[in-house]
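My numbering numbers the first residue of the sequence shown as 3 and each following residue consecutively. Positions of the beta carbon are idealized from the N, C-alpha and C atoms, including for glycine. The model shown is predicted, which means the values in this text are computed figures rather than measured ones.
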Amino acid sequence: MSPLCLLNNENMCAKSSTVETLKSDTTVRVAYGYDWGTMSDNSALIFWHVEGIFRELRKEFGIEFEMFSLGGRDGSIYCNICSQLQSADIAVFDLSTHNVNVAFELGIAVGAGTHVFVLRSNHYKRQKRSFSDLNGILEYRFTRGSGKLKFEANFTRSLTEKLIKAAVDKIATFQGTDGQL
Numbered sequence: 003m004s005p006l007c008l009l010n011n012e013n014m015c016a017k018s019s020t021v022e023t024l025k026s027d028t029t030v031r032v033a034y035g036y037d038w039g040t041m042s043d044n045s046a047l048i049f050w051h052v053e054g055i056f057r058e059l060r061k062e063f064g065i066e067f068e069m070f071s072l073g074g075r076d077g078s079i080y081c082n083i084c085s086q087l088q089s090a091d092i093a094v095f096d097l098s099t100h101n102v103n104v105a106f107e108l109g110i111a112v113g114a115g116t117h118v119f120v121l122r123s124n125h126y127k128r129q130k131r132s133f134s135d136l137n138g139i140l141e142y143r144f145t146r147g148s149g150k151l152k153f154e155a156n157f158t159r160s161l162t163e164k165l166i167k168a169a170v171d172k173i174a175t176f177q178g179t180d181g182q183l
């Protein structure tokens, strides 16, 4: 089934073949949305934290795990981001800086049915009246020190559980189609 276009109200996504190809392999994909203009090392620390989880899971499952930053490659940046989110198994968003573009990407991910994780640094104050409709989504607050992140809620366990589920689903789908992994 071809994914619907979530941005232009067209019947089908212009990149539906790309999305379908990416969804049909065994790679578990994590999209990462963050404020590119921030001069903080939070983005890199989050990326490395997730990569550490991937290293353990690669050993266990023998499949590839990939994290990529959202962005435009060609044509419409919105179309690219939308197709990236539709092809992702999980999406992680750092809303620490209250960037409206990242919040928009989060909305696309929710609309695409992608499982989302919302992160927010305790080093940034939550702005009054910003993103008030996100109150129903669990927010993983974090601090950083000595080059490491510390999460208040167990982000690592929650993400690992979702990654394992995605890996098991991918393997089952692949084995169901071809019979071999």
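Asked	Found
Top-ranked residue by Cα proximity to valine 94, from Gln88, Ile79, Ile83 and Leu121	Leu121
Proximal residues to tryptophan 104 (C-beta, below 8 Å), its chain only, five neighbours per side dropped	In the sequence under discussion, the amino acid at residue 104 is valine, which differs from the tryptophan named in the question. Closer than 8 Å at Cβ, skipping near neighbours: Gly35, Tyr36, Asp37, Phe95, Asp96 and Leu97.
Counterpart residues of aspartate 96 in DSSP-defined beta bridges	Leu121
Beta-carbon spacing of leucine 165, valine 30 below 8 Å	yes
Cutoff 6 Å; reference glycine 74; Cβ partners in own chain excluding five residues on either side	Asn82
Every unbroken alpha helix (DSSP H) within the region 32-71, with a cutoff of 4 residues, ordered by chain	44-63
For glutamate 163, three-class secondary structure by DSSP	helix
Endpoints, alpha helix (DSSP H) assigned at leucine 24	18-25
Separation of serine 42 from serine 18, as counted between CA atoms	35 Å
Cutoff 8 Å: glycine 64 Cβ touching any chain D Cβ	The question asks about chain D, but that chain is absent: this structure has only one protein chain.
Valine 32 classed as buried or exposed, judged by whether at least 16 other C-beta atoms fall within 10 angstroms	buried
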